[in-house]
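Chain order of the listed sequences is A and B.
Mapping of the first sequence onto the numbering used here: residues 135 to 613, in sequence order.
Mapping of the second sequence onto the numbering used here: residues 135 to 613, in sequence order.
Here is the structure we will look at, set down as structure tokens.
There are 2 protein chains.
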Amino acid sequence: MIRMENWLPKIYDEIEKRFEEEHLPKVLSLVRQPSIAGTGEGIEECAQMVLDMLNDLGCEEGHLEHYVYSPVVSAKLKSEVEDAPTLVIYGMYDVQPPEPLEEWRVPPYEGAIIDVEPYGECVVARGIANSKGPLVCFFNTVKVIKETLGYFPLNLWFVIEGEEEMGSESLAPFTKNHADELSKCLGVYLLSARQDENGKPFTTLGNKGILYFEMEARGGEWGGPQKLDIHGSNAAWVSNPIWRLVNALDTMRDENDHILIEGFYDDVAPLNEMDEFYTDRMAEVFDEDMYLNKRLYTSRFLHDKRGRDAQHALLWEPTLNIDGIWGGYTGPATKTIVPYHATCKVDVRLVPNMRPEETLAKIRKHLDDHGYSDIELITRQGTPYSKVDAGSAIARACISAMEQSGYPENTVWPIFPGSGPAYLFTDPPVSLPLVDYSLGISGQIHAPNEYFTVKGLKENEMSVAAVIWNLCRILEEEA
Amino acid sequence: MIRMENWLPKIYDEIEKRFEEEHLPKVLSLVRQPSIAGTGEGIEECAQMVLDMLNDLGCEEGHLEHYVYSPVVSAKLKSEVEDAPTLVIYGMYDVQPPEPLEEWRVPPYEGAIIDVEPYGECVVARGIANSKGPLVCFFNTVKVIKETLGYFPLNLWFVIEGEEEMGSESLAPFTKNHADELSKCLGVYLLSARQDENGKPFTTLGNKGILYFEMEARGGEWGGPQKLDIHGSNAAWVSNPIWRLVNALDTMRDENDHILIEGFYDDVAPLNEMDEFYTDRMAEVFDEDMYLNKRLYTSRFLHDKRGRDAQHALLWEPTLNIDGIWGGYTGPATKTIVPYHATCKVDVRLVPNMRPEETLAKIRKHLDDHGYSDIELITRQGTPYSKVDAGSAIARACISAMEQSGYPENTVWPIFPGSGPAYLFTDPPVSLPLVDYSLGISGQIHAPNEYFTVKGLKENEMSVAAVIWNLCRILEEEA
Numbered sequence: 135m136i137r138m139e140n141w142l143p144k145i146y147d148e149i150e151k152r153f154e155e156e157h158l159p160k161v162l163s164l165v166r167q168p169s170i171a172g173t174g175e176g177i178e179e180c181a182q183m184v185l186d187m188l189n190d191l192g193c194e195e196g197h198l199e200h201y202v203y204s205p206v207v208s209a210k211l212k213s214e215v216e217d218a219p220t221l222v223i224y225g226m227y228d229v230q231p232p233e234p235l236e237e238w239r240v241p242p243y244e245g246a247i248i249d250v251e252p253y254g255e256c257v258v259a260r261g262i263a264n265s266k267g268p269l270v271c272f273f274n275t276v277k278v279i280k281e282t283l284g285y286f287p288l289n290l291w292f293v294i295e296g297e298e299e300m301g302s303e304s305l306a307p308f309t310k311n312h313a314d315e316l317s318k319c320l321g322v323y324l325l326s327a328r329q330d331e332n333g334k335p336f337t338t339l340g341n342k343g344i345l346y347f348e349m350e351a352r353g354g355e356w357g358g359p360q361k362l363d364i365h366g367s368n369a370a371w372v373s374n375p376i377w378r379l380v381n382a383l384d385t386m387r388d389e390n391d392h393i394l395i396e397g398f399y400d401d402v403a404p405l406n407e408m409d410e411f412y413t414d415r416m417a418e419v420f421d422e423d424m425y426l427n428k429r430l431y432t433s434r435f436l437h438d439k440r441g442r443d444a445q446h447a448l449l450w451e452p453t454l455n456i457d458g459i460w461g462g463y464t465g466p467a468t469k470t471i472v473p474y475h476a477t478c479k480v481d482v483r484l485v486p487n488m489r490p491e492e493t494l495a496k497i498r499k500h501l502d503d504h505g506y507s508d509i510e511l512i513t514r515q516g517t518p519y520s521k522v523d524a525g526s527a528i529a530r531a532c533i534s535a536m537e538q539s540g541y542p543e544n545t546v547w548p549i550f551p552g553s554g555p556a557y558l559f560t561d562p563p564v565s566l567p568l569v570d571y572s573l574g575i576s577g578q579i580h581a582p583n584e585y586f587t588v589k590g591l592k593e594n595e596m597s598v599a600a601v602i603w604n605l606c607r608i609l610e611e612e613a
Numbered sequence: 135m136i137r138m139e140n141w142l143p144k145i146y147d148e149i150e151k152r153f154e155e156e157h158l159p160k161v162l163s164l165v166r167q168p169s170i171a172g173t174g175e176g177i178e179e180c181a182q183m184v185l186d187m188l189n190d191l192g193c194e195e196g197h198l199e200h201y202v203y204s205p206v207v208s209a210k211l212k213s214e215v216e217d218a219p220t221l222v223i224y225g226m227y228d229v230q231p232p233e234p235l236e237e238w239r240v241p242p243y244e245g246a247i248i249d250v251e252p253y254g255e256c257v258v259a260r261g262i263a264n265s266k267g268p269l270v271c272f273f274n275t276v277k278v279i280k281e282t283l284g285y286f287p288l289n290l291w292f293v294i295e296g297e298e299e300m301g302s303e304s305l306a307p308f309t310k311n312h313a314d315e316l317s318k319c320l321g322v323y324l325l326s327a328r329q330d331e332n333g334k335p336f337t338t339l340g341n342k343g344i345l346y347f348e349m350e351a352r353g354g355e356w357g358g359p360q361k362l363d364i365h366g367s368n369a370a371w372v373s374n375p376i377w378r379l380v381n382a383l384d385t386m387r388d389e390n391d392h393i394l395i396e397g398f399y400d401d402v403a404p405l406n407e408m409d410e411f412y413t414d415r416m417a418e419v420f421d422e423d424m425y426l427n428k429r430l431y432t433s434r435f436l437h438d439k440r441g442r443d444a445q446h447a448l449l450w451e452p453t454l455n456i457d458g459i460w461g462g463y464t465g466p467a468t469k470t471i472v473p474y475h476a477t478c479k480v481d482v483r484l485v486p487n488m489r490p491e492e493t494l495a496k497i498r499k500h501l502d503d504h505g506y507s508d509i510e511l512i513t514r515q516g517t518p519y520s521k522v523d524a525g526s527a528i529a530r531a532c533i534s535a536m537e538q539s540g541y542p543e544n545t546v547w548p549i550f551p552g553s554g555p556a557y558l559f560t561d562p563p564v565s566l567p568l569v570d571y572s573l574g575i576s577g578q579i580h581a582p583n584e585y586f587t588v589k590g591l592k593e594n595e596m597s598v599a600a601v602i603w604n605l606c607r608i609l610e611e612e613a
């Protein structure tokens, strides 16, 4: 078992010393390498750069595993401590496409450092926040700890994927193929930055799942033109697929925003004590005005909820959202047609214990029961929710590090309302706790002028060190 | 009053003689001149060409009247017959844009004659059918009649507009400014070709009106994001304008395609005897299979109507049609947002005695009554219906000429389900009968490879002569 030392202040000192001349240039070197999973641009080069960095850290068994699109980079850092447990480090090296290029203040792959109001000196580059900054900062921190202590207190297994931005398709076979070995690890630490634009840090204990599908109404046996758009005057004697889609949708959600799918809520699990506790804690620091006026630009929450009720809805309510709808003539001025098809995109956010397949089946049945068996459902994504509890060593390490960060109003999100591939680690057969937390003010991810404050990158490294230290402390206490 | 002669066979002979070498080249000369009202391309040149042709016919007072976009060409042919009545000839010289150019078999302004299955030799050119072919054919016919008889039996007032394809905005002030003089004329003859692809000729005694508007739902006091699209996970606590638009639309038309706007049908006039008569006549020759399978590509009519009921619906039912709908993310794959606005385009076809303004007011009231006062209605077009009866001399002349054409299953449409500017002539203060009829198989109007059979152009001239002759005959009988 690990011999605990009070080594954190030494690490902070060392990060201070090395950050500007050694760490920051290494961070910039990776954002200068494009890596777009969708097009494949720079993917192999970037994967190789990441592997080289891992080899430089002293990792063993480093290699690229090819599955669907981009290779998964896998490498293991063996601890000098005997019988040390293994922490899985999950990160990503791909980035969103930088378009529209003309909206960038600096070229997206230049690795420029400029002043960004109101944050001050920032790296502005594609991928700096999501998530090459946190990736290289973690490497830097490992190196500092290892060189300062003369050993690294844990085994690390780096799993760095290259298609997070397009559905993590390769991560599924990777975790499946390595399930047995993964399941013996301590947990998974996700590389990211978790500090909002007001400086409040947070960590998450899971995320909602998502079912994403298209609903398409086409002319068919029920009526409507089947082959091509016809002149609008024919609406006097021919049905319209847009009306059909509208009528079908209206059966699914009423004018008061109540979801009417039979059994939709049946699998929604009651909150356990810990989830209630963290939901209450979030509600205590919930800044309603900030959300309404600066984040959501809305005058009221759904069903006029306020305070904890609103907060509870965001975390624990499933959704039935129309992301987009289109059909017929959508150009300027006027054109009259009865179109032959109309489509919408719908996403359902799944809370524990809703499953994508069962939810889709309920929606299909609802449409059939209401006479809309002609409406086609085309599934685009079905990602289960992920949920871990707060009791694991890695969760407690993240929460402790966050509470010690000095930043007030830090928050544990018992579940995050977005979706992601975490279930690949947290669901059977791997069944590990997966937690994220680290500092660093950053933003504009998936948008032009993605940024990370220079100060935040340094604090990201320190916060990562704090997670490692707390994890070691907790493991020793438990030993 | 006109002295009647049996001159029609002589005119036919003369058209046969002159068509190929004299008439057809003149038709081609006009389609070779572009004239796009929307861009102004070639408009002034084309207007001048039309005016030159009218001057060549011996017209007086020929000039261009400028109002909104394209000038109206106005010219008068004075009859050598004393006290001859004046027939207004309403035509157009603008055409739809030819795009997409790559789909044309020949350049759209070349005036090429090629074989088109199954019609044989055709002029394929933008505007040949809609409506430069009928325009020049009419000029040719007038010249033949005048030269063959040594006089022209009627006064003609040519009103040829150049923005029919963009709403006839200049025609409104033209008819208003000349209302007094126009109202003293005999009637209006509209230049067109009225023979379907199966060779069946038809004439129309009016057309439906149209109210075209956009409905827009935006985030506002009711909820929903107001300024920009927000991440889809926020659907758990923020309303969605697409849902709002869907719910609002659903209150307007139910799942059985019944229009639910209060008072929507209040002003629908009962059919008079003549309208019933012609509706029955149409139903007798109504080819249900052809419509379902070759025109509409639909398996059934609205409300499962058949035969006369379906025919009646096309002619006499008002509509509430969604021409297009759009909002949120409509690209490939998946993206989750709660959009801040959603829009649809709606057209209402107005039957006698529905008026655009009153109908819009009813829709506004319906939305307000159902709690959707936030949904904005943006009017794009409000064009009244036009309705004339079959008893006028020009209507009887067209119907007689059609019945004498030798083409079976000819049809009088008591009202046409499309819309147009005819009301400018038929409504007060002008209040003239306006009728159309002439032969010529043509098609693909507003599409690539617009065509008119060469044989049809010649028959168009003959049918126009037959209308003039029948009109003279009827006027003499009435004298």
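Glycine included, every Cβ here is placed at the ideal spot set by N, Cα and C.
Note that the coordinates shown come from a computational prediction; the quantities given were computed from them, not determined experimentally.
| Check | Outcome |
| --- | --- |
| Same chain, Cβ closer than 7 Å to Ser-526 (chain A), neighbours up to 5 away in sequence not counted | Gly-321, Pro-567 |
| Length-filtered (4 minimum) alpha helix (DSSP H) runs lying within the region 469-555 of chain B | 490-503, 527-537 |
| Closer than 9 Å to chain B by CB, Glu-389 (chain A) | yes |
| Proximity test, Cβ basis, 9 Å: Asp-384 (chain B) and chain A | yes |
| Opening and closing residue of the alpha helix (DSSP H) in which Lys-589 (chain A) lies | 588-612 |
| Residue-chain proximity (Glu-103 (chain B), chain A), Cβ-Cβ < 9 Å | No answer is possible for residue 103 (chain B): it lies beyond the span of chain B, which begins at 135 and ends at 613. |
| DSSP bridge partner residues for Ser-208 (chain B) (one or two, in chain order) | B:His-197, B:Val-293 |
| Interface residues of chain B facing Ala-581 (chain A) [CB-CB closer than 7 Å] | Ordered by position in chain B, no residue passes the 7 Å Cβ test against Ala-581 (chain A), which lies about 11 Å from the chain. |
| Cβ-based burial, Lys-428 (chain A) [other Cβ within 10 Å; buried from 16] | exposed |
| C-beta contact flag for Leu-269 (chain B) and Tyr-227 (chain B) at 9 Å | yes |
| Cutoff 8 Å; reference Gly-172 (chain A); Cβ partners in own chain excluding five residues on either side | Pro-231, Glu-299, Met-300 |
| Supposed contact pair Thr-560 (chain A) and Val-522 (chain A) - C-beta distance, whole angstroms, cut 8 Å | 6 Å |
| Reference Pro-124 (chain B); option with closest CA among B:Asp-508, B:Gly-540, B:Tyr-431, B:Val-276 | What is shown of chain B runs 135 to 613, which leaves residue 124 (chain B) out entirely. |
| Minimum Cβ-Cβ distance from Pro-232 (chain B) to chain A less than 9 Å | no |
| Reference Ala-599 (chain B), options B:Val-206, B:Gly-196, B:Glu-214, B:Phe-272, closest by Cα | B:Phe-272 |
| Residue-chain proximity (Phe-435 (chain A), chain B), Cβ-Cβ < 9 Å | yes |
| Strand pairing of Thr-338 (chain A), partner residues [DSSP] | A:Trp-547, A:Asp-570 |
| Secondary structure of His-365 (chain B), DSSP reduced to three states | strand |
| Cutoff 9 Å: Ala-370 (chain A) Cβ touching any chain B Cβ | yes |
| Proximal residues to Cys-532 (chain B) (C-beta, below 6 Å), its chain only, five neighbours per side dropped | Thr-337, Val-569, Tyr-571, Val-601 |
| Identity of the residue in B:Pro-551, B:Glu-537, B:Gly-552 nearest Thr-545 (chain B) by Cα | B:Glu-537 |
| Short Cβ contact (9 Å threshold) for Lys-589 (chain B) with Ile-575 (chain B) | yes |
| Coil, strand or helix - Leu-564 (chain A) by DSSP | Looking at the sequence shown, residue 564 (chain A) is not Leu but Val. Correct three-state label for Val-564 (chain A): coil. |
| Residue-chain proximity (Asn-381 (chain A), chain B), Cβ-Cβ < 9 Å | yes |
| Contact with chain B by Pro-490 (chain A), beta-carbon distance below 9 Å | no |
| Residues within the region 400-411 of chain B neighbouring chain A, beta-carbon criterion of under 8 Å | none |
| Cross-chain neighbours of Gly-461 (chain B) in chain A, by beta carbon under 7 Å | Gly-458, Ile-459 |
| Interface flag, Met-135 (chain A) vs chain B, CB-CB below 9 Å | Bear in mind that a pLDDT of 42 at Met-135 (chain A), under 50, signals an unreliable position, so the number given afterwards is only what the model happens to contain. For Met-135 (chain A), the answer is no, since every Cβ of chain B falls outside 9 Å of its Cβ. |
| Where the region 313-342 of chain B meets chain A: residues whose CB sits under 8 Å from a CB there | Lys-342 |
| CB contact below 9 Å: Pro-452 (chain B) versus chain A | yes |
| Simplified DSSP assignment, three categories, for Gly-441 (chain A) | helix |
| Member of B:Lys-160, B:Ser-204, B:Tyr-412, B:Cys-193 whose CA lies at the smallest distance from the CA of Gln-445 (chain B) | B:Tyr-412 |
| Alpha helix (DSSP H) segment containing Ala-181 (chain B), residue limits | 177-190 |
| C-beta atoms of Ser-373 (chain A) and Val-472 (chain A) nearer than 9 Å | yes |
| Alpha helix (DSSP H) segments (min. 4 residues) lying fully within the region 380-425 of chain B | 407-418 |
| Cα-Cα separation between Ile-497 (chain B) and Asp-481 (chain B), rounded to whole angstroms | 12 Å |
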